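First comes the structure, then the notes that go with it.
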Amino acid sequence: MPKGWAGIAAAVFVAALILAPLAAVAWRAETGARIAASDLAALRFTVAQAALSALFSVALAIPVARALARRRFRGRGALITILGAPFILPVIVAILGLLAIFGRSGVLNSALGALGLPTVQIYGLHGVVLAHVFFNLPLATRILLQGWQSVPAEHFRLAASLGFRPRDVFWRIEAAMLRAYLSGAALIVFAICLSSFAVALTLGGGPRATTLELAIYQAFTLDFDLARAAALGLAQLCLVGLAALLAARLSRADGFGRGMDAVVTRFDADGAAQRWGDALALAVAALFVAGPLAMVVLRGLAGMGEITAPVWRLIAEASLHSLIIALLATVLTLALALGLSTARWRGARSIGLLGVAISPLVVGTGLFILINPLIAPARLALPVTVAVNALMALPFAVRVIAPAVRKAEADFGPLADHLDLTGAARLRLLIVPRARGALAFGAGLTAALAMGDLGVVVLFADPQWATLPLQIYRLMGAYQMQAAAGAGLILLTLSLSLFWIFDQRGRRDVDA
6 MPKGWAGIAA AVFVAALILA PLAAVAWRAE TGARIAASDL AALRFTVAQA
56 ALSALFSVAL AIPVARALAR RRFRGRGALI TILGAPFILP VIVAILGLLA
106 IFGRSGVLNS ALGALGLPTV QIYGLHGVVL AHVFFNLPLA TRILLQGWQS
156 VPAEHFRLAA SLGFRPRDVF WRIEAAMLRA YLSGAALIVF AICLSSFAVA
206 LTLGGGPRAT TLELAIYQAF TLDFDLARAA ALGLAQLCLV GLAALLAARL
256 SRADGFGRGM DAVVTRFDAD GAAQRWGDAL ALAVAALFVA GPLAMVVLRG
306 LAGMGEITAP VWRLIAEASL HSLIIALLAT VLTLALALGL STARWRGARS
356 IGLLGVAISP LVVGTGLFIL INPLIAPARL ALPVTVAVNA LMALPFAVRV
406 IAPAVRKAEA DFGPLADHLD LTGAARLRLL IVPRARGALA FGAGLTAALA
456 MGDLGVVVLF ADPQWATLPL QIYRLMGAYQ MQAAAGAGLI LLTLSLSLFW
506 IFDQRGRRDV DA
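Taking this note's numbering, the leading residue of the sequence shown gets 6, the next gets one more, and so forth.
The structure is reproduced here in structure tokens:
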């Protein structure tokens, strides 16, 4: 490696992309920031809902990830892909699916009403936490599943030869892995939920359920109070930045010894209690995820027939724009993630995690302020959208790729040094082959997130140019709800397809 210069360059680029827009917003503020009591209430609610969301997401992910790690069955790959769908699903589409199940006139309340039982209320704190668990349970599951996959098969074989019982295997082997991965997974989910916008907007239920992200949005769009918005943005940056730094410090997933890459056989999971417990965990998780997704599909299929020829043309153009953005953002994200993951400076990875620390709205507004005096912002809609999407996906890519890179260096770095493998040769012959599964998963995740993102593009796009999520919002604003549902199904299909195309290329190395 060229003495870590690639990592330093990536860190500088990411830091500039975060700090320059924030500085521009603060610079444009004409008066001092006025933090109201409602802002402090928003801060308290933001931390509370994020902590609860992280706690439930990670706690529920443990039995699901363990079951997936211990079992091999027909359709396992499809189940893993389905479990990953909520995190890569466009937020508004997923919320419509949740409302179809848990809303006032949803399937659950209809069934409870028919039985004469009290109905459930989805709006408020519990609704926000429910939606966040729906979105982040799959991410936590995938992170913990990679932890289980990092334990060499020889450890479980040795445990079987020593006559370990299932609880002994858990406390002697699996608990050590969880200590390394659990805190990082929880803090990443916590950081994601701190930046909640669409979930709180649609399910918050009023001022008492306002997050910092909503407060920033209101300061920009309703009050145009740049000073207050900048102060709230700084508070969010510090809060989520602290969570990111803690995640980097507490995640010690440096590998659990070298193995021969043999297929893991779990001799401790043959009992009836283990089989039924794993089956129950997988069934509940699949039902929780598949129910809202099924409603999205059913409503989307019904809406496809309502789409007129002119709207089809708009959807096709918007789909092409979204695909271009997704692919370019994936390339940029992987380049930055590899640079940060291979950097000799440990702080580079922490900088990579800061993408979740700042609102895309703040980044977009700051870039708008910087660009507007020089050129029409709409002319830079494509590169700006690509850059911001890469920035927002980078923390997840780094969290997935960095442990695989560190393990490759720990296991084979000394041999590579002895062979004088440096620079591109080291990357091509050591890092990429050993981190292939993590790279594939990171690429799929980035492409799907960029495909379904509706953030900074709303500030830069003109009426003649749109991504598919923006086109869906325009259809909804025009009260063409059936057409919007059909376009939502197309967006779901494209997002899942991109994720699967990239992710399946790494299945041979990381069976997850």
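For every residue, glycine included, the Cβ atom is placed at its ideal position computed from N, Cα and C.
Predicted, not measured: the structure shown is a model, and the values here were computed from it.
Distances from the CA of Val133 to each of Ala90, Ala55, Ala31 were compared; the closest alpha carbon is that of Ala55. Its Cα nearest to that of Ile363, the residue Leu242 stands out among Leu444, Leu242, Thr51. The beta carbons of His137 and Ser201 sit closer together than 8 Å. If you draw a straight line from the Cα of Gly82 to the Cα of Leu88, it comes to about 10 Å. Selection Leu337, Leu45, Ala489 evaluated against Trp317 yields Ala489 as nearest (Cα-Cα). Taking 4 residues as the minimum length, the alpha helix (DSSP H) runs contained wholly in the stretch 435 to 506 are 441 to 456, 462 to 465, 473 to 482, in order along the chain.
When DSSP states are grouped into helix, strand and coil, Ser110 belongs to the coil group.
Leu339 places its beta carbon less than 8 Å from that of Ala402.
Contact between the stretch 97 to 107 and the stretch 174 to 183 is absent: fewer than 3 CB-CB pairs across the two stretches fall below 8 Å. Secondary structure of Asn377 (DSSP, three-state): coil. By the beta-carbon neighbour count (other beta carbons within 10 angstroms, threshold 16), Asp458 is buried. In this structure Ser324 is not in contact with Leu435, their Cβ atoms being roughly 38 Å apart against a cut-off of 8 Å. Short of 8 Å from the beta carbon of Leu319, and not among the five residues preceding or following it, lie these beta carbons of its own chain, in chain order: Ala471, Gln476.
Cβ contact annotation for Leu450 (same chain, cutoff 6 Å, sequence separation greater than five): Phe401, in chain order. Taking the Cα of Ala440 as reference, the smallest distance to any Cα among Arg431, Val410, Leu379, Leu480 is reached at Val410.
In this structure, Thr370 places its C-beta atom within 8 Å of the C-beta atom of Val30.
Every unbroken stretch of the alpha helix (DSSP H) spanning 4 or more residues and falling wholly within the stretch 71 to 113 is given here in chain order: 81 to 88, 90 to 93, 96 to 107.
Contact between Phe507 and Ala448 holds, since their C-beta atoms are separated by about 4 Å, short of 8 Å.
When C-alpha distances from Ala28 are compared across Ala46, Ala235, Phe169, the shortest belongs to Ala235. In the displayed model, Gly129 falls within coil according to three-state DSSP, outside both helix and strand. For Ala334, the enclosing alpha helix (DSSP H) begins and ends at 314 to 346. Taking the C-beta atoms as reference points, Ala99 is found nearer than 8 Å to Phe140.
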